[in-house]
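Report on the following structure.
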Amino acid sequence: MLEQADGGRAYRVQFAVLIEGELDRAVLRQAIESVEAGCDILRTNFVSTGWMALPLQVIAGQARLSVAEYELSHQDKQPPASIDSLFQEARVRPFHLERESLLHIQLIEMAERRHILLLSLPSLCADAAGAENLVRKVCLSYAARLEGKEKDDGAIPYIHISEWLHELLESEQAEVGKDYWRKQNATAFRRIELPFEKRGLDATSFAPEHLAFTMDADFTASIVEAVGVQKTTFEAFLLTCLHVLLWRLTGEPDTESGVLFDGRTDEELEGVIGLLARYLPVNLFVDGGARFDHLLPGVCEILRRHYRWQECFSAVEPGLKENGSNQAFASICFDYSERPTQYCASGVSWSIEKRYSCLDRFKMRLSFLKRADHLVFDLYYDSNVIAAKTAKRFGESFMALLRSASAAPHSLVCHLEVLDESHRHRLLVEFNHTREEFPTGQCVHHLFEQQVKRTPDKAAVVFEGEKLTYSQLNEKANRLANHLLRAGVGPDTLVGVCLERSLEMVIAIFGTLKAGGAYVPLDPAYPKDRLALMIEDSGAAVLLTQSHLEEVCSNHVAQVICIDKDWREIESHSGLDPSARVSEDNLAYVIYTSGSTGRPKGVMIPHRALVNHMLWMQARFPLTEQDAVMQRTPFSFDASVWEFYAPLLAGARLVMVRPGDHQDSAYMVKLIQQEDISSIQMVPSLLGIFLEEPELERCVSLKRVYSGGEQLWADIKHRLAARLKSDLCNLYGPTEACIQSTFWVCGPEDDHRKIPIGKPIKNVRVYVLDQYLQPVPVYTTGEIYISGEG
Numbered sequence: 000m001l002e003q004a005d006g007g008r009a010y011r012v013q014f015a016v017l018i019e020g021e022l023d024r025a026v027l028r029q030a031i032e033s034v035e036a037g038c039d040i041l042r043t044n045f046v047s048t049g050w051m052a053l054p055l056q057v058i059a060g061q062a063r064l065s066v067a068e069y070e071l072s073h074q075d076k077q078p079p080a081s082i083d084s085l086f087q088e089a090r091v092r093p094f095h096l097e098r099e100s101l102l103h104i105q106l107i108e109m110a111e112r113r114h115i116l117l118l119s120l121p122s123l124c125a126d127a128a129g130a131e132n133l134v135r136k137v138c139l140s141y142a143a144r145l146e147g148k149e150k151d152d153g154a155i156p157y158i159h160i161s162e163w164l165h166e167l168l169e170s171e172q173a174e175v176g177k178d179y180w181r182k183q184n185a186t187a188f189r190r191i192e193l194p195f196e197k198r199g200l201d202a203t204s205f206a207p208e209h210l211a212f213t214m215d216a217d218f219t220a221s222i223v224e225a226v227g228v229q230k231t232t233f234e235a236f237l238l239t240c241l242h243v244l245l246w247r248l249t250g251e252p253d254t255e256s257g258v259l260f261d262g263r264t265d266e267e268l269e270g271v272i273g274l275l276a277r278y279l280p281v282n283l284f285v286d287g288g289a290r291f292d293h294l295l296p297g298v299c300e301i302l303r304r305h306y307r308w309q310e311c312f313s314a315v316e317p318g319l320k321e322n323g324s325n326q327a328f329a330s331i332c333f334d335y336s337e338r339p340t341q342y343c344a345s346g347v348s349w350s351i352e353k354r355y356s357c358l359d360r361f362k363m364r365l366s367f368l369k370r371a372d373h374l375v376f377d378l379y380y381d382s383n384v385i386a387a388k389t390a391k392r393f394g395e396s397f398m399a400l401l402r403s404a405s406a407a408p409h410s411l412v413c414h415l416e417v418l419d420e421s422h423r424h425r426l427l428v429e430f431n432h433t434r435e436e437f438p439t440g441q442c443v444h445h446l447f448e449q450q451v452k453r454t455p456d457k458a459a460v461v462f463e464g465e466k467l468t469y470s471q472l473n474e475k476a477n478r479l480a481n482h483l484l485r486a487g488v489g490p491d492t493l494v495g496v497c498l499e500r501s502l503e504m505v506i507a508i509f510g511t512l513k514a515g516g517a518y519v520p521l522d523p524a525y526p527k528d529r530l531a532l533m534i535e536d537s538g539a540a541v542l543l544t545q546s547h548l549e550e551v552c553s554n555h556v557a558q559v560i561c562i563d564k565d566w567r568e569i570e571s572h573s574g575l576d577p578s579a580r581v582s583e584d585n586l587a588y589v590i591y592t593s594g595s596t597g598r599p600k601g602v603m604i605p606h607r608a609l610v611n612h613m614l615w616m617q618a619r620f621p622l623t624e625q626d627a628v629m630q631r632t633p634f635s636f637d638a639s640v641w642e643f644y645a646p647l648l649a650g651a652r653l654v655m656v657r658p659g660d661h662q663d664s665a666y667m668v669k670l671i672q673q674e675d676i677s678s679i680q681m682v683p684s685l686l687g688i689f690l691e692e693p694e695l696e697r698c699v700s701l702k703r704v705y706s707g708g709e710q711l712w713a714d715i716k717h718r719l720a721a722r723l724k725s726d727l728c729n730l731y732g733p734t735e736a737c738i739q740s741t742f743w744v745c746g747p748e749d750d751h752r753k754i755p756i757g758k759p760i761k762n763v764r765v766y767v768l769d770q771y772l773q774p775v776p777v778y779t780t781g782e783i784y785i786s787g788e789g
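Structure below.
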């Protein structure tokens, strides 16, 4: 059924055999014909009747073999690419299952005493062990014919073996085996979702690709030593490493792989050519706090018991469709072999140099062959599901884990390394190479005061037809700051600010900072109980509000200053910059979390973190005196912080949205046109509504759209690009880390469903770690840890 669904492209076994010595081509052809004549499976076709879901096996009475011969070179050596090219060409050559010989053979002369024999068979006719037996039989038959003998090893015909296996499944003995699999809860493979796989897997599409990894003699020797010390097997050691890696990558302790068992359980079956192998589910619970070497005995025991009952397992789910699309398959496959790959007869050596075998579908498959002094590791992956670079990283992670486990098998599983040196350096150093010098000893209001001197008469804040120039805003903020100083406000004094969006809100924020205090945003729209909790919890000494909001903030002991009613008294103070002794380590603001996971908590951010962020933002997304930024985010959310400061530290205009209209997309479109706004910020859900506005194309001044707070999807990017010539930037960061910690400017490559949150801003470092605080590989799920100036 898999062959019919695939058209025979993927499910095949293929070997490249290097033949060195004086080769008699005529005798070789006779040897191959002799082997074919003695093996019914090599003379088999599969004929569809039209009235049965499965085809009939039809065995030809005589050999029909043809050997295609080529000459590539008479040089001693040929570039490997030539062999690889021929090997690849042979891989895509279709099998005509109903007619013609299914054994494809090519003989390529590389040099006078150097040939390559390419053998290909559909997996219906052979597995990897069967193909190895075919090579061995041809070698022995070739030697026998040179000696004038007929070689007949008396192998059991495959059709008899097939009948025996079917009879075994019907016998009482099989019930014991079937019961074993039921007790293992392993009657079928689980559908495992890998964190890095492409989504939307086509049920019938399968496109396997291949990567080779080198394990040199020294590397292999370290594994040999570890296997010997632990008194285990190579297969168990490698398989345990695979399950540990699956745990590290998925975070799921219940891991599963499909392990290949070749079905040759009896001595008389060892030399059989045919399909006997199958993948069996191996389930292992991986405890990160356990020692690696303590997992090995359990894996050995699983392999031993599986080997005994392998004939009794069935991996086909009920209700199998004719195209095989709902056939169960192992997501992660594993196979290991120690079978000989080199034979010598009559002065000619035969070495299996390249191999490919695929007898079932998979997402990823690890294949190991143990040679004399080194291991061959081939990684196969379904390119429809796994990207090539992701598969490469998976292989590198496995190699790193294997090195770590062989060097220190007594280590806890969670401490084993899954990053090689280059990968670790890329994640921990290159990705976090964000260090940049920035002015020390500065507070954010100092930067504002410097801008006031540069553009004193330029409009700073605009609100509903009113405006303040830079010098006017600075003077009013100074008068309020000096008033607050008289009220006892100083460094790290918390000042509650309960104001509607207005010019007074900006004056209150800068006045608090200039007095040395830190403002605590209190949204008048919040319930009274929440406002009371925030005032009490923060211990705010002073409350800045408006007279019509005094009732909103009641039941507290803070000194109340109404910025409207008390303005005459405030105005009596000096308009010069106050000399408050505030440093970069003092607090700038305290913003309360939502409290969704418990009692709301105040997040305290110092000037140093804020200055770092604002200088990064101006360097990365520079504003000029011609720019205008919309202030629409409620100031109780830290995303509002950069809206206030970014324009006022660069000589741009801060345009305040009318209270209550910060979610009215039609109003915002009109405001953008009216005030020539160049930068806005919205959460993706609101941005999606905003992009539906009919007059959006008229917002020609809009240069940058910032989004954050929710997952940003690629369709938002496409819709924005279709209607506006604006950059879209995805911002991410928890309140605790000062506004944003990472950013991503969307580009043409962002065609996937989810937009990344990007890389860290300057002087901030970001790590993705597992529950044991170990770095996880790229494309692997973990938790974000943030450090640095934020």
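Counting in numbering that gives the first Met the number 0, the sequence shown runs from 0 upward without gaps. Ideal placement from N, C-alpha and C gives every residue a C-beta, glycine not left out. Fair warning: this is a prediction, and the values are worked out from it, not measured in the lab.
Please name the residue or residues paired with residue i in a DSSP beta bridge.
i: L378; result: L210 and L365
i: P520; result: V496
i: F260; result: R277
i: T254; result: L283
Assuming contact is defined by CB atoms lying nearer than 8 Å, are residue i and residue j in contact in what I supplied?
i: V765; j: I785; result: yes
i: R567; j: G515; result: no
i: Q680; j: M655; result: no
i: L530; j: V494; result: no
i: T389; j: I760; result: no
i: V779; j: L248; result: Per the sequence shown, residue 779 should be read as Thr rather than Val. Taking 8 Å as the Cβ cut-off, T779 and L248 qualify as a contacting pair.
i: Q13; j: S119; result: yes
i: V589; j: I560; result: no
i: V640; j: Q441; result: no
i: Y380; j: G273; result: no
i: H612; j: I756; result: no
i: L467; j: A507; result: no
i: V460; j: L446; result: no
Run the CB neighbour count on residue i, radius 10 Å, all protein chains shown included, and call it buried at 16 or more, exposed below.
i: Y306; result: exposed
i: K148; result: exposed
i: W246; result: buried
i: R722; result: exposed
i: S122; result: buried
i: I82; result: buried
i: P78; result: Residue placement at P78 cannot be trusted, given a pLDDT of 49 that sits under 50; what the coordinates show is reported in the next sentence. Label assigned to P78: exposed.
i: P776; result: buried
i: V315; result: Because V315 sits at a pLDDT of 48, beneath the cut-off of 50, its placement in the model cannot be relied upon, and the point is left open.
i: G318; result: The predicted model places G318 with a pLDDT of 42, which falls under 50 and marks its position as unreliable, so this point remains unresolved.
i: G650; result: buried
i: Q74; result: Any reading at Q74 needs caution, since the residue's pLDDT is 48, under 50, leaving its predicted position unreliable; the model's value is listed next. Per the 10 Å Cβ criterion, exposed.
i: I385; result: buried
i: Y771; result: exposed
i: H103; result: buried
i: K527; result: exposed
i: L117; result: buried
Flag this pair as touching only if the region 348 to 364 and the region 111 to 130 have three or more C-beta atom pairs under 8 Å; answer yes or no.
-> yes
Would you check if the region 134 to 145 and the region 51 to 63 touch, i.e. whether three or more CB-CB distances between them fall below 8 Å?
-> no
Could you tell me whether the region 323 to 342 touches the region 87 to 94, using the rule of 3 or more Cβ pairs below 8 Å?
-> no
Runs of beta strand (DSSP E) wholly within the region 704 to 749 (minimum 3 residues, chain order) = 726 to 731 and 741 to 744
Inside the region 441 to 471 only - beta strand (DSSP E) runs reaching at least 3 residues = 458 to 462 and 465 to 468
Would you check if there are 3 or more beta carbon pairs closer than 8 Å linking the region 660 to 675 to the region 634 to 651?
-> no
Take every Cβ of the region 601 to 618, pair it with every Cβ of the region 571 to 586, and state whether three or more of those distances are shorter than 8 Å.
-> yes
Examine the Cβ distances between the region 223 to 231 and the region 394 to 413 and report whether three or more of them are shorter than 8 Å.
-> yes
Can we say the region 249 to 257 touches the region 283 to 292, given the rule of at least three CB pairs closer than 8 Å?
-> yes
Does the count of Cβ pairs from the region 585 to 600 and the region 743 to 750 closer than 8 Å reach three?
-> no
Examine the Cβ distances between the region 212 to 220 and the region 291 to 310 and report whether three or more of them are shorter than 8 Å.
-> no
Contiguous beta strand (DSSP E) assignments of at least 3 residues, all confined to the region 504 to 583 | 517 to 520, 541 to 544 and 558 to 561
With contact counted as at least three CB pairs below 8 Å, one residue from each stretch, are the region 231 to 245 and the region 418 to 426 in contact?
-> no
For the region 657 to 668 against the region 689 to 696, are there 3 or more C-beta pairs whose distance is under 8 Å?
-> yes
Please specify which runs of the alpha helix (DSSP H), each continuous and at least 4 residues long, are wholly inside the region 78 to 105, giving them in chain order.
-> 79 to 91
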